[in-house]
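A short worksheet on the structure shown next.
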Amino acid sequence: MKKILPFVFGGVMGFIISLYFSVYFIYSGRLFETILVIIITLIVSGFLHILLHELGHVLGGWLTGYQLSVFRMLYLTLYRGESGWQTKVDKQSITRGMLGQALMVPTKKNVPVIPYFLGGITVNILLGITLLAVARTLYQPLWNNILIVAGYVGIFFGGMNLMPIDPTDGYHLKEILRTPSYKEQLRQVLITYKQLMQGVPMHEIVTHIDLNDKIALSQSNQTSLMILKILNAIDQHEFNQAYALSQQLWSVFDQLFNGYKEEVYALHLLTFLLADNDSLEMIQNFKQHPYFEKVITSDKPEHATVQSLYAAEVDGNYSRAMTRLSIAQEQLDLIETKVEQAVEERLLVYLEYVYRR
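Numbering (UniProt numbering), first residue to last: 1 to 357.
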C-alpha cells in the first residue's frame with residue numbers, strides 16, 4: 001500500500017491542477033502561453049520550494065538546539081569541516097534520492113526532534129496556502145496563474161514529505177511517535193554524517209554506532225549505519241566479518257529502500273568475493289539476480305572495484321581485472337566523503353597487491 005500512496009497523492013493533485021487549467025484554457029483561448037508559464041513556474045517554484053523546505057529544517061533545528069553540519073542543494077554542498085565551513089560540488093549526496101539536505105546535529109541530548117523534521121513541511125504547506133490566497137485577490141491572469149501553480153507545488157511538496165514513507169520527514173515523525181528509541185538512532189545518524197564529512201577515521205565513527213534491535217535493518221537509517229560497519233570491516237581486512245554483516249542486509253533485501261538496493265547488491269557480492277568464498281551455487285545466484293547486469297556489466301565507475309574482483313576471482317581474467325582496477329583508481333575523487341574515499345583507496349592497494357602475486 002505504501003508504495004502506491006505517492007502515486008495516488010500525485011494523481012489527485014494532478015487532477016485538481018489539470019481541472020483548473022482546463023477550465024482556464026476554455027475561457028482564455030491562450031493555450032500555448034499558459035502552458036509555457038506553467039512549465040517555467042513548475043521548474044522555478046520547484047527549486048525554490050526545495051530550498052525553502054531545507055531552510056525550514058534549519059529554522060526548526062536552530063530553534064530547538066541543533067547545529068547545522070551539512071547543507072546541500074542539487075550539486076552544491078556546504079559543510080562544517082575541521083577548519084570551518086567548506087564547499088564541495090559533485091553529483092553525489094550523503095543520503096539517497098534527495099535533491100536537498102539540511103543535516104543538523106543536536107548540541108546536547110534530549111533536544112526535541114519533531115520541530116526539526118516538521119520545519120520543512122510547515123514552510124512548504126503554509127507558503128503554498130498563502131500563495132493560493134494571494135492569487136484569489138489578483139485579477140491579472142499571468143500572476144494569478146503563476147501564484148496558483150507555485151501554491152499547488154508547495155502544498156504538493158509538503159504533502160509528499162508528510163507521507164509516512166521511508167525516507168520522508170513524515171516517516172521519521174511517525175517513527176519518533178511510535179518508537180521511543182528511534183530518537184536516539186536519529187541523533188546517532190546525524191552525528192555520523194557530520195563525522196563522515198569531517199574526515200574522522202572510519203574505525204572511530206563505527207565505535208559509536210549501536211544498531212537498534214527494535215528497528216528493522218531495512219529502515220534507511222539502519223541500512224546506512226550497517227553499510228558503514230561493513231566498510232569498516234573491509235578497511236580492517238576483516239573480510240569474513242564484512243561478509244557476515246553483509247548477509248544480514250541481504251536477508252532483508254526485498255524490504256530495502258530502492259535507493260540502496262544496487263549498492264547493497266554490489267557490496268554483498270564484493271564481500272562474498274573478498275571472503276574467499278568459492279560456492280558455485282552462490283555465484284549462480286548472484287548471476288541470476290536482477291541487479292547482476294546493473295553492477296557487473298555496467299560502465300558505472302562506482303562498480304569498477306567489484307567488477308575487477310569478479311573478473312579475477314570468477315572469470316580468471318586478470319587483464320580485465322587490472323583494467324577495471326585502474327578505472328576505480330581514476331574515479332577515487334568522485335567518492336562522496338574523505339573517509340569512504342580512504343577506505344576504497346586502501347582496498348584498491350590491497351587488490352593490486354593480490355593480483356600481482
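Yeah, the Cβ is synthetic: ideal placement off N, Cα and C, and Gly gets one too. Just so you know, these numbers come straight off a predicted model, no measurement behind them.
Span of the beta strand (DSSP E) holding R72? In the DSSP assignment, R72 falls within the unbroken beta strand (DSSP E) covering Y66 to M73.
Among L228, L190 and F253, which residue has its Cα nearest to the Cα of A216? The shortest C-alpha separation from A216 is found at F253.
CB contact flag (L42, V58, <8 Å): Taking 8 Å as the Cβ cut-off, L42 and V58 do not qualify as a contacting pair.
Residues near I209 by beta carbon distance below 7 Å, same chain, minus five either side: Within the same chain, and ignoring the five residues on either side of I209 in sequence, the residues whose Cβ sits closer than 7 Å to its Cβ are Q188, T192, L225, L228 and K229.
Straight-line CA distance for Y310 to H303? Y310 and H303 have their alpha carbons spaced roughly 11 Å apart.
Quick one: complete alpha helix (DSSP H) runs, 4+ long, within the region 222-307? Taken in chain order, the whole alpha helix (DSSP H) runs of length 4 or more contained in the region 222-307 are 239-250, 258-274, 280-288 and 292-296.
For W85, list the residues DSSP reports as bridge partners. Per DSSP, R80.
Can you find at least 3 beta carbon pairs, one from the region 246-262 and one from the region 287-303, that sit closer than 8 Å? Result yes; three or more Cβ-Cβ pairs closer than 8 Å.
Could you name the residues of the same chain whose beta carbon sits closer than 7 Å to that of L74, not counting the 5 residues immediately before and after it, in chain order? Within the same chain, and ignoring the five residues on either side of L74 in sequence, the residues whose Cβ sits closer than 7 Å to its Cβ are L99.
With a Cβ-Cβ cutoff of 8 Å, do L131 and L147 count as a contact? Cβ distance < 8 Å, so L131 and L147 count as in contact.
Rounded to whole angstroms, how far is the Cβ of H49 from the Cβ of G151, which I believe are closer than 8 Å? Their Cβ separation, rounded to whole angstroms, is 10 Å, which puts H49 and G151 out of contact at 8 Å.
Taking DSSP as the reference, what is the three-state secondary structure of G316? Residue state for G316 is assigned as coil, using DSSP reduced to three classes.
For L162 versus I121, is the C-beta distance shorter than 8 Å? Contact flag set, yes.
Among R178, T271 and I129, the one whose alpha carbon lies nearest that of S246: Restricting attention to R178, T271 and I129, the CA atom closest to the CA of S246 is found in T271.
N- and C-terminal bounds of the alpha helix (DSSP H) containing V123: Note, V123: alpha helix (DSSP H), I114 to A135.
Does Q198 come out as helix, strand or coil in the three-state DSSP assignment? DSSP places Q198 in helix when its eight states are reduced to three.
Measure how close the beta-carbons of V149 and I38 come, nearest whole angstrom, since I'm counting them as under 8 Å. Between V149 and I38 the beta-carbon gap is near 6 Å, inside 8 Å, which marks them as a contact.
Please name the residue, chosen from A233, L55, P112 and S220, that lies closest to V206 on a Cα-to-Cα basis. Nearest C-alpha to V206 among A233, L55, P112 and S220: A233.
Where D333 and E340 are concerned, what is the direct C-alpha to C-alpha distance, given to the nearest angstrom? Each residue's Cα considered, the two are about 11 Å apart.
Since E54 contacts Q86 with CB under 8 Å, what's their CB separation in whole angstroms? Wrong, their Cβ atoms sit about 18 Å apart, outside the cutoff.
In this structure, how does DSSP classify I26 when only helix, strand and coil are distinguished? Confidence at I26 is low in this model, with a pLDDT of 46, below 50, so its placement is unreliable and no value can be given for it.
With respect to the beta strand (DSSP E) encompassing L99, which residues constitute its N-terminal and C-terminal limits? Looking at the DSSP string, L99 is not in any beta strand (DSSP E), and its letter there is neither H nor E.
To the nearest angstrom, report how far apart V354 and E184 are at their CA atoms. As the crow flies, the alpha-carbon of V354 is around 41 Å from that of E184.
Residue span of the alpha helix (DSSP H) that contains A150, given as start and end: Run containing A150: P141 to L162, per the alpha helix (DSSP H) assignment.
H172 lies in the alpha helix (DSSP H); which residues open and close that run? From DSSP, the alpha helix (DSSP H) with H172 extends over D169 to R178.
Around the Cβ of D315, are there at least 16 other Cβ atoms within 10 angstroms (buried) or fewer (exposed)? An exposed status is given to D315, since fewer than 16 other beta-carbon atoms sit within 10 Å of its beta-carbon.
Going by beta carbon distance, what residues of the same chain come within less than 6 Å of Y171, once the five residues before and after it are set aside? Contacts found: P164 and I165.
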